[in-house]
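Engineer:
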Amino acid sequence: MTDKQIDFTQSVSADGAVKLNSFTAEKSYDILVLGGGPAGLAAAVSAHESGAAVLLIERERKLGGILKQCVHDGFGLLRFKERLTGPEYAQREIERFIATEIPYVLESFVVDISHNADGNYTVCTQSAAGMKSYSCKAIILACGCRERTSRQVFIHGQRPAGIFSAGTAQYFVNIQGTMPTKRCVILGSGDIGLIMARRLTLEGASVAGVYEIKDMPAGLSRNISQCLNDFGVPLHLSTTVTEVFGTERVEAVAVEKVDERMNPIPGTREVIECDALILSVGLLPEIELANVLKIPIDPATKGPLVDQSLMTQAAGVFACGNVLHVNDLADWVSVSGETAGHGAAAYCRTPRAFSQSAVRLEYSKGDFLYALPQYLDPAASEPLTLFFRSRADVKGKTITLSLGGEKAAFSKKYRRLIPSEMEAVPVKALSFGDRAQYSIEMR
Amino acid sequence: MGGIATKKLSSLQNILTRKYPGVECSEFGDSIRLEGTLDDWETIVRCGKFAAKGGFRAVINDVKLKDFTAPPMRTPAVKDSALHGLTPDVLVIGGGVIGCSIARELSRWQLKVLLVDKEDDVAMHASSRNDGMIHPGIASHPGTLRGEYNVRGNAMYTQICKDLSVPFERWGNLILYREHRFGAAARFLFAYREKALGVPGKHLNRRQLEAVEPNITKEAVGAFEFPSSGILSPYKLTVALAENAVENGVQISLNTVVTGMDTEHGAITAVHTNRGTVRPRAVVNAAGCFCDSVADMAGDRFFSIHPRKGECCILDKDAGPLSQRSMGLIGLAAAFSASKGGGIMRTIDGNVLVGPDAYEQPLREDFSTHKDHMDMVMDKHLPLINGFNRGQVVAYFAGVRAPTYEEEFIIEGSARVQNLVHAAGIQSPGLASAPAIAEEIAKLTLGRLGGKILPNERFNPVRNASPVMSKLSLSQKQELITKNPEYGVVVCRCEGISKGEIRAAARSPLPATGLDAVKRRVRPGMGRCQGGFCSPLVAEILQEEGVETITKKGAGSELFVGNLGQEVRSDD
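For the protein sequence lines, the chains are L and Z, in the order given.
Mind the numbering: the first sequence is residues 0 to 442 in numbering that gives the first Met the number 0, read in order.
Mind the numbering: the second sequence is residues 0 to 571 in numbering that gives the first Met the number 0, read in order.
1) Hey, does MET306 of chain Z have any beta-carbon neighbour from chain L nearer than 8 Å?
2) Decide if VAL270 of chain L is buried, meaning its Cβ has at least 16 other Cβ atoms within 10 Å, or exposed.
3) Would you say ILE59 of chain Z and ARG300 of chain Z are within 8 Å of each other, going by their C-beta atoms?
4) According to DSSP, is ASN173 of chain L part of a helix, a strand, or is it coil?
5) Tell me which residue opens and which closes the alpha helix (DSSP H) that TYR234 of chain Z is part of.
6) Quick one: what does DSSP say PRO179 of chain L is sitting in, helix, strand or coil?
7) Please report the straight-line C-alpha distance between ALA294 of chain Z and GLY64 of chain L, rounded to a whole angstrom.
8) Give a yes or no on whether the minimum CB-CB distance between LYS181 of chain L and chain A is below 8 Å.
9) Can you give me the start and stop residues for the beta strand (DSSP E) that ALA51 of chain L sits inside?
10) Would you kindly work out how many angstroms separate the C-alpha atoms of LEU33 of chain Z and VAL96 of chain Z, rounded to a whole number?
11) Tell me which same chain residues have a C-beta within less than 6 Å of the C-beta of TYR346 of chain L, skipping the five on either side of it?
12) Between GLU59 of chain L and GLY34 of chain L, what straight-line distance do the alpha-carbon atoms span, to the nearest angstrom?
13) Would you check if the stretch 288–306 of chain L and the stretch 258–277 of chain L touch, i.e. whether three or more CB-CB distances between them fall below 8 Å?
14) GLY176 of chain L versus chain Z: which residues are under 7 Å apart at the beta carbon?
15) If we cut at 8 Å on Cβ distances, does PHE458 of chain Z have a partner in chain L?
16) What does DSSP give as the partner residue(s) for GLN125 of chain L in the beta ladder?
17) If we cut at 8 Å on Cβ distances, does ASP2 of chain L have a partner in chain Z?
18) When we look at the beta-carbon of GLU218 of chain Z and count the other beta-carbons within 10 Å, is it buried (16 or more) or exposed?
19) Quick check on DSSP: helix, strand or coil for ASN262 of chain L?
20) Starting from the beta carbon of ARG260 of chain L, find every residue of chain Z whose beta carbon is closer than 9 Å, and list them in chain order.
21) List the DSSP bridge partners of PRO454 of chain Z.
22) Skipping 5 residues on each side, what residues in its chain have a beta carbon closer than 6 Å to that of GLY161 of chain L?
23) List, in order along the chain, the chain Z residues whose C-beta lies closer than 8 Å to that of GLU146 of chain L?
24) Please report the distance separating the alpha-carbon of ALA281 of chain Z from that of VAL121 of chain Z.
25) In chain order, what residues of the same chain lie with their CB nearer than 7 Å to the CB of LEU448 of chain Z, ignoring the 5 residues before and after it?
26) Check the DSSP bridge columns for GLY161 of chain L and list the partner residues they point to.
27) MET261 of chain L: buried (16+ other C-beta within 10 angstroms of its C-beta) or exposed?
28) At 7 Å on the CB atoms, spell out the chain Z contacts of VAL172 of chain L, in chain order.
29) On the DSSP letters alone, give me the boundaries of the alpha helix (DSSP H) that TYR28 of chain L sits inside.
30) Are the beta-carbon atoms of TYR103 of chain L and LEU140 of chain L separated by less than 8 Å?
31) Are three or more beta carbon pairs between the stretch 340–349 of chain Z and the stretch 129–136 of chain Z nearer than 8 Å?
32) Can you find the residues in the same chain that come closer than 6 Å, C-beta to C-beta, to GLN9 of chain L, ignoring five residues on each side of it along the sequence?
33) If you draw a straight line from the alpha carbon of GLU147 of chain Z to that of PHE167 of chain Z, how long is it in whole angstroms?
34) Considering only the alpha carbon of each residue, which of L:SER380, L:LYS301, L:VAL280 lies closest to GLY531 of chain Z?
35) Below 8 Å, can you find three or more Cβ-Cβ pairs linking the stretch 398–417 of chain L to the stretch 425–432 of chain L?
36) Out of curiosity, what's the CA-to-CA distance linking THR1 of chain L and ALA343 of chain L?
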């Protein structure tokens with residue numbers, strides 16, 4: 000083993016005796032990073048570079064997170080100025096991480112987190128080495144997101160084999176080397192669905208079409224063009240799957256056009272023969288661990304509410320990557336990891352509470368799907384990156400960020416803004432005016 | 000037939016002619032047989048129910064639905080001679096909770112017992128498609144078999160679940176009402192039933208109700224509480240019963256469908272299956288929705304099943320703590336109807352089950368769900384608890400009940416076939432009644448077998464259950480992982496299920512060979528991701544355990560169409 004993976008078996012003594020009635024207490028750290036995907040790796044490295052003692056905990060067998068199965072390219076254009084595949088992108092981050100010799104554990108599942116009276120946290124894990132506990136000053140949540148299921152979009156009919164989420168289908172094809180379909184229908188135009196339309200086509204399957212209930216695609220424009228148009232896969236907007244047929248294996252699905260309120264339009268039903276229904280109907284931050292700590296969640300991002308250093312309202316707990324909000328590019332996931340890593344290291348040097356005077360970001364819900372960080376501490380001085388998504392497909396709009404000063408902290412006219420593409424607004428220096436204001440506007 | 004029967008028949012025919020033109024009735028043994036064609040299924044069922052009041056033993060409803068041909072029973076693809084020539088003492092047909100309870104009960108005796116089920120696992124139909132409630136018995140009329148067996152069965156569950164290591168809790172249930180008028184009227188009804196059936200219960204006013212269920216909305220003004228009501232996982236129970244039966248010598252053959260029977264001198268001499276012909280000394284009919292077909296094969300046709308479907312949904316564990324007891328709102332009509340109208344119940348695994356509804360339709364194994372039914376179920380029950388909402392739904396499913404037109408259990412030795420015993424027409428509260436039904440059926444079967452049957456001295460009611468990590472104390476977990484590190488490796492992140500638990504399911508006395516079978520035993524895929532993350536990992540473990548073709552639920556439901564690089568181009 001070339002890296003510094005901790006050998007757990009050593010903490011169980013030779014006769015197999017473990018300390019009973021409690022979690023086996025492990026070494027204390029400044030920061031525990033929960034998750035070894037691009038967010039966690041970047042967070043761990045930047046926290047380490049800022050002088051903190053870090054341990055990274057990963058629940059899967061390997062580092063790299065979901066990138067492991069994203070064999071398509073298009074990663075790293077911002078971060079590495081290169082076109083990389085997911086595994087290549089992950090490998091660069093992993094190599095950087097390994098080089099720092101930050102300790103990490105694999106196949107370790109966090110079962111509990113508690114906040115102690117002294118302000119420290121205890122994180123308890125389950126792994127092949129037993130039930131262990133780690134004490135730390137700060138936690139970085141980097142647990143990624145998960146896919147919405149067929150049940151969450153209320154698909155009815157029968158429940159045969161052959162209904163897969165796009166990510167599961169991607170795992171089957173790219174990791175296990177198995178083919179889940181010969182001819183499928185894809186519901187939802189999320190990026191993984193588009194990527195899988197191309198992937199399955201390349202592997203010899205036929206994709207009958209991608210069906211999207213909304214009147215615009217949910218995925219990136221470049222994926223519509225490169226994954227559907229280039230392969231002749233039709234995209235049907237304002238159309239959804241309403242019923243699944245087949246007792247053992249999917250035999251067909253019914254699709255129907257929907258009106259502007261997304262209700263099926265009578266008379267538009269069409270039955271399409273296929274052996275699989277693949278769903279790409281949205282991603283949700285995996286906030287289970289945030290919920291353990293009762294961390295307040297933003298209903299818009301579905302991730303924790305955070306301040307400029309990505310600290311949640313639980314002092315010392317930070318969030319980055321897709322657990323914070325679902326990003327469109329892995330590059331931004333890494334960027335937020337770095338922000339959280341620096342923030343958590345600073346917290347370890349000077350612990351602070353979530354600022355009482357932090358100003359809440361104001362924006363119109365009619366114009367924006369969401370924007371974050373949701374809070375800004377007027378006392379903070381570090382530069383920040385603000386992320387937002389437009390609610391609608393709009394052209395020629397100007398986005399203005401104001402911090403109460405006379406001059407806008409940021410202002411830019413965008414040729415086009417679409418919900419599927421996240422926008423990042425770099426704010427070099429924070430300069431607040433007399434009144435603490437933090438708002439973005441679209442005009 | 001005497002004059003009285005003829006008179007009964009002609010008066011019934013007169014009314015049928017008036018109310019259901021085109022329906023003819025005739026005597027069929029002691030039963031009444033209806034024939035003809037009608038335009039809609041509801042009317043056919045109503046007609047059958049009406050005839051059930053005609054004073055005959057049972058109704059055989061052969062009235063056809065216009066322009067409808069019932070699809071044939073789904074049968075397994077396999078054809079071999081694995082069972083050919085077997086001569087079990089008892090053949091149990093059906094691996095639901097009833098068949099498995101009976102098989103386990105019979106394993107107390109020195110008998111060769113063979114249980115067959117046409118599906119890839121036990122509990123594939125109604126036994127995995129119900130709400131898991133061990134009813135207290137209060138919903139049935141005193142003097143009915145449904146009431147009697149329910150109360151007896153309910154009392155037996157504490158011991159059975161302890162023996163089988165099946166989680167079971169008596170959280171009690173609440174029958175809620177929204178009008179004081181109803182409360183006043185129903186008090187007498189329930190007081191009578193409590194006394195007649197021996198079911199403890201008490202009345203709660205609004206204040207008392209709020210005290211025990213603080214999240215209850217203003218929908219209910221009062222409730223009747225029945226603390227003996229319990230909750231368990233019906234499929235875990237069925238699997239546990241089957242496993243314990245196997246441990247005690249029962250042979251279970253899955254993917255095995257009975258295709259016909261030979262009878263001679265009023266006794267079954269041979270039972271044909273897709274896996275060969277067996278010659279049992281006695282046959283138990285526990286075939287659920289198909290128990291009338293099984294009776295027919297044996298030449299003992301005397302009742303009909305009318306499949307009554309229900310749809311349920313499951314809420315995320317986030318919603319679990321919001322209610323403690325099972326509960327449902329009822330009006331006066333529902334108090335006397337065949338079904339209990341569904342409700343909400345905290346499941347034994349910490350989710351909330353909402354539903355089921357109940358509707359008549361002609362398909363016996365159509366488990367599809369429908370938007371309108373699910374909407375109705377949610378609109379009806381979600382408003383009961385503050386904090387429940389549609390966003391919490393993680394899963395939904397449908398099941399089909401197997402009632403007779405008499406809406407009563409048939410637990411008896413066949414009147415025509417000497418070596419046949421029926422556990423038929425088992426609908427709600429069939430799960431709650433199962434242990435008592437099994438006891439009775441075993442007794443009847445022993446009687447039909449005759450001769451001296453010795454107890455099985457090696458019978459052990461305690462199942463050798465595999466460890467369940469979530470039920471262990473911290474020190475037990477440490478110990479288990481030290482012994483077998485796979486119990487430390489979490490495969491299902493939503494439910495926290497370890498690799499060791501999944502492997503144990505694949506190695507149990509009734510091994511899980513498909514994803515759904517693993518799910519029924521240890522739950523991976525039942526959480527919020529619905530198997531998105533864990534199904535590939537579970538598939539890998541099954542492969543390691545020698546399962547060559549990964550399926551969801553048996554042949555035909557293969558997960559994969561091939562491997563990468565193979566020619567998979569579609570035929571069109």
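Glycine is no exception: its CB is placed at the ideal position from the N, C-alpha and C atoms.
Structural biologist: On the basis of the supplied data:
1) First, the amino acid is wrong: residue 306 of chain Z is Pro here, not Met. Answer no: the Cβ-Cβ gap between PRO306 of chain Z and chain L never drops below 8 Å.
2) exposed
3) A contact, by the Cβ cut-off of 8 Å.
4) Helix at ASN173 of chain L.
5) Per DSSP, TYR234 of chain Z belongs to the alpha helix (DSSP H) from 233–246.
6) coil
7) 57 Å
8) Although the question refers to chain A, the structure presented lacks it and instead comprises the protein chains L and Z.
9) Unbroken run through ALA51 of chain L: none, as it is neither H nor E.
10) For LEU33 of chain Z and VAL96 of chain Z, the gap between their C-alpha atoms comes out near 31 Å.
11) ALA137, GLY315
12) 9 Å
13) Output reads no: the stretch 288–306 of chain L does not touch the stretch 258–277 of chain L.
14) ASN562, LEU563
15) no
16) L:PHE108, L:MET130
17) A caution first: ASP2 of chain L carries a pLDDT of 41, below 50, which makes its placement in the model unreliable, though a value can still be read off. Output row for ASP2 of chain L: interface = no.
18) exposed
19) ASN262 of chain L carries a coil assignment under DSSP once its states are collapsed to helix, strand and coil.
20) Chain Z residues near ARG260 of chain L: none, gap ~15 Å exceeds 9 Å.
21) According to DSSP, which records beta bridges pairwise, PRO454 of chain Z is partnered with Z:TRP108.
22) ARG248, VAL249, ASP274, ALA275
23) Ordered by position in chain Z, the residues that pass the 8 Å Cβ test against GLU146 of chain L are CYS528, GLY531.
24) Per the coordinates, the alpha-carbon of ALA281 of chain Z lies some 21 Å from the alpha-carbon of VAL121 of chain Z.
25) ASP88, ARG280, ALA281
26) GLY161 of chain L is bridged by DSSP to nothing; it lacks a bridge partner.
27) exposed
28) LEU563
29) Unbroken run through TYR28 of chain L is the beta strand (DSSP E), 28–33; no alpha helix (DSSP H).
30) Contact flag unset, no.
31) yes
32) In this predicted model, GLN9 of chain L has a pLDDT of only 36, less than 50, meaning its place in the structure is not dependable; the value taken from the coordinates is given anyway. The same chain holds no residue with a CB closer than 6 Å to that of GLN9 of chain L once the five nearest residues on each side in sequence are set aside.
33) Rounded to the nearest whole angstrom, the CA to CA distance from GLU147 of chain Z to PHE167 of chain Z is 21 Å.
34) L:VAL280
35) yes
36) Residue placement at THR1 of chain L is poorly supported in this model, since its pLDDT is 37, which falls under 50; the coordinates are not used for a value here.
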